[in-house]
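Undergrad: Residue numbers for the sequence shown follow the working numbering, beginning at 845 and rising by one.
All C-beta atoms in this analysis are idealised placements derived from N, C-alpha and C, irrespective of residue type, glycine included.
Quick caveat, the model's predicted, so the values are computed rather than measured.
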Amino acid sequence: MLHAIVALLFILTTVLSPASADAPIPVHSMAYATVDEKTFYIQGGNPDETGSNLSNQFYALDLTQPTWDTSSPPWRVLVTGAGARGAPKTSNHFMTVSEGGRFLVVWYANWLQGQGGRNSVASWASKYSIFTAQWFWQQEMSDAYHVDARVVRSGATDPATNLLYIPGGYQNESSMAIYDISPVIATTNLMSVVVASSGPMATPLANGPFSGFSAVWSDYRNSMLIYGGTYSVDNAVGAAQQQPVFADRIVEYKPLQGSWTTVETKGKSPGNLTRHCMVQAYGGRNLIVFGGSSSAGPTLVPQGDIYILDLVSMEWTQGKQADPSEFRARMACTVAGDNFIAWGGSNNMKTLDSTIIYDLSSKQWTNTFILKRASNPEAASHTGAIIGGCAAAVVVAGAAIGFVVYRHRKQRSLQGQTSRQKFQLQEQEVNKHGYDLDTARRNPHEPIDTLTVKGEPRNPVFIPSNMEHLFTSTYQARHPEYIPPVHFQGHRRTDPQYSNVPLQEPWRKPQGLAIPEHINEDEASQQQWVLQQ
């Protein structure tokens, strides 16, 4: 039944989707960005393997559809505008997401022909509103802060501060440009509100022009991560530049500390790469590197390998290599759930228009996009361990509770045994003697402090009613055979020291009653005469 539903959804999305009519033209070196794994944007690019026939196309790929085939991706054409309020016609640029996914900012450069045939570069930025579907401006930036179109550039935006970091984007590529792009939302004039500053880059990043790298913001590490690329070191003044040096490493920039570090990793890395694609997955816990070019002498050769870096263990894992016909560099890529998607690019012979998908959970290349969010294969691989751990925790908790209950019952049992032992000892002491109530003090207003016992042992269960106030201790109340008698006191007050003994009030002669003189003056005689009357 489930397979039938998936098949039906696939047919509906394939037949009804206008993707085939709105597919972008194949290009390489385009700008791209993804918003919340829901929409994948691509802009501009170069449709020619060589030459400068640039494009300003602007498309969005819907990543919320449950399923679709790579032969007909759900592309949607977006407005490009015109002139200063339009999408730039350029390549080798990049795009960032700002203001919580409300805006896209495209960073690019235009070549200017100078005197003596010497070229110079002018850096620009364009803003696009996702909600109003409008381009707002194209604004030139300061000469010191630039994005050089001679090389593929990349940058990353901290979503918490809205600060954009462009490695090699400041003063002859020796430092990093930092832009605060928050204020651009309320104005159409970029330079009057953007605060640009610079930050030093670590050696060897600052040794010379640094290009061909990929930079992403890691939500998991709260930092910018850079992989691959090349850097060059100039010889003496006037000498030819050295061959580019490839950087097979992860470099991390932490804005809070302002520090650059080379991150130590385990496992086989992607190797020397430039013009590759890098995106984060599973909430930033994984970093995916695909394709790119490696060196074969002076020639750059496109690649089709995919690598996943677990940012928790910092270990690389190599996935299945793509089909050789799909090897590419300078492409666009994104992630949605378990799907890694790459589009466009170049294989050094032609630009590619194909869309390819790698299933991160099955570790296989596939032609079908299936939306399965939050199914991290790394987490899935540990599901058994998690379940086992939970079961063990339940067992331990149950054992602990059982132990506590056992100790509680044992303590109660020991307390009961102790009480019975005390009662038995007291019983033995009492049964050694009888009771002489005549010698005991019976003043109800004073505690009984003397007791003369004599006679044969008596049954401890039977207690005379006139001696009940002598046996009110706790251990007797706990005796299993002791049953306290019921007393009916009525309204008579009782002695606070002995709750079962009525309080005897002092004798008072009745008012209006004359007692004859021959009656003795002692209270007992007078009481007797009054009762007889």
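Going by beta carbon distance, what residues of the same chain come within less than 6 Å of Q901, once the five residues before and after it are set aside?
TA: P868
Undergrad: Going by DSSP, what residues sit across from A1186 in a beta bridge?
TA: By DSSP's assignment, A1186 forms a beta bridge with C1177, I1200.
Undergrad: Between the C-alpha atoms of P917 and P891, what's the straight-line distance to the nearest angstrom?
TA: 19 Å
Undergrad: To the nearest whole angstrom, what separates the beta carbons of L1155 and S1067, a pair I think is in contact under 8 Å?
TA: L1155 to S1067, Cβ: 10 Å. No contact.
Undergrad: With DSSP run on the structure shown, which of helix, strand or coil describes G1056?
TA: coil
Undergrad: Per the DSSP calculation, S1139 is bridged to which residue(s)?
TA: L1144
Undergrad: Using the rule of at least 16 other Cβ atoms within 10 Å of the residue's Cβ for burial, across every protein chain shown, is A1004 buried or exposed?
TA: exposed
Undergrad: Return the bridge partner residues of K1098 from the DSSP annotation.
TA: S1103
Undergrad: Measuring only the C-alpha atoms, how far is A1125 from M1193?
TA: 31 Å
Undergrad: What's the C-alpha gap between F1090 and N1191?
TA: 19 Å
Undergrad: Alpha carbons only, please: which of E943, Q1101, S970 is nearest the one belonging to A926?
TA: Closest in C-alpha terms to A926, from the list E943, Q1101, S970, comes S970.
Undergrad: Return the CA-CA distance between P1114 and D1092, expressed in angstroms with no decimal places.
TA: 8 Å
Undergrad: Take the Cβ of D1149 as the centre, count every other Cβ of all protein chains shown within 10 Å, and call the residue buried at 16 or more, exposed below.
TA: buried
Undergrad: Answer yes or no: do T1109 and D913 have a C-beta to C-beta separation smaller than 9 Å?
TA: no
Undergrad: DSSP state of E1108, grouped into three classes?
TA: coil
Undergrad: For F947, count the other beta carbons within 10 Å of its own beta carbon; 16 or more makes it buried, fewer makes it exposed. Which is it?
TA: buried
Undergrad: Using C-beta distances below 6 Å, list every residue in its chain close to Y1064, excluding the 5 sequence neighbours before and after it, in chain order.
TA: Non-local C-beta neighbours of Y1064 in its own chain, meaning closer than 6 Å and more than five positions away in sequence, comprise G1128, R1129, L1155, ordered along the chain.
Undergrad: Would the segment 934-945 and the segment 868-884 be scored as touching if the rule is three or more Cβ pairs under 8 Å?
TA: yes
Undergrad: Quick one, are the C-beta atoms of A1392 and W1209 less than 9 Å apart?
TA: As shown, the chain starts at 845 and ends at 1377. That puts residue 1392 outside it, with no answer to give.
Undergrad: Tell me the rounded alpha-carbon separation between S942 and A877.
TA: 11 Å
Undergrad: Identify, in the order they occur along the chain, each residue of the same chain with its Cβ nearer than 6 Å to the Cβ of G1012, setting aside the five sequence neighbours on each side.
TA: Here the set comprises F1054.
Undergrad: May I ask you to list the residues that DSSP assigns as paired with M1122?
TA: V1133
Undergrad: Taking S1019 as the reference, which of F980, G1102, S1138 has the closest Cα?
TA: That would be G1102, whose Cα lies nearest to the Cα of S1019.
Undergrad: Closer than 6 Å by C-beta to T908: which residues in its own chain qualify, once you throw out the five before and the five after it? Chain order, please.
TA: K882
Undergrad: Please classify Q1147: is it buried, with 16 or more other beta-carbons within 10 angstroms of its beta-carbon, or exposed?
TA: buried
Undergrad: Please check the pair D1182 and K1216, which I expect to be a contact at CB under 8 Å, by giving their CB distance rounded to whole angstroms.
TA: 5 Å
Undergrad: In angstroms with no decimal places, state the Cα-to-Cα distance between Y1151 and Y1202.
TA: 11 Å
Undergrad: Find the nearest neighbour of T1106 within the set G1072, R1119, L1117, judged by alpha-carbon distance.
TA: Out of G1072, R1119, L1117, G1072 has the C-alpha closest to the C-alpha of T1106.
Undergrad: Please report the straight-line C-alpha distance between L1131 and S1198, rounded to a whole angstrom.
TA: 23 Å
Undergrad: Identify whether Q1165 lies in helix, strand or coil by the three-state DSSP scheme.
TA: coil
Undergrad: At what residues does the beta strand (DSSP E) containing M1020 begin and finish?
TA: 1019-1024
Undergrad: Looking only at its own chain, which residues have a Cβ that is under 8 Å from the Cβ of A928, when we skip the five neighbours before and after it?
TA: W981, Q982
Undergrad: Out of T894, Q1372, S899, L905, point me to the one whose CA is closest to T1178's CA.
TA: The residue among T894, Q1372, S899, L905 with its C-alpha nearest the C-alpha of T1178 is L905.
Undergrad: Counting C-beta neighbours from all protein chains within 10 Å, is the total for Q887 16 or more, i.e. buried, or is it exposed?
TA: buried
Undergrad: One question on the structure: do A1180 and C1121 come within less than 9 Å of each other, judged by their Cβ atoms?
TA: no
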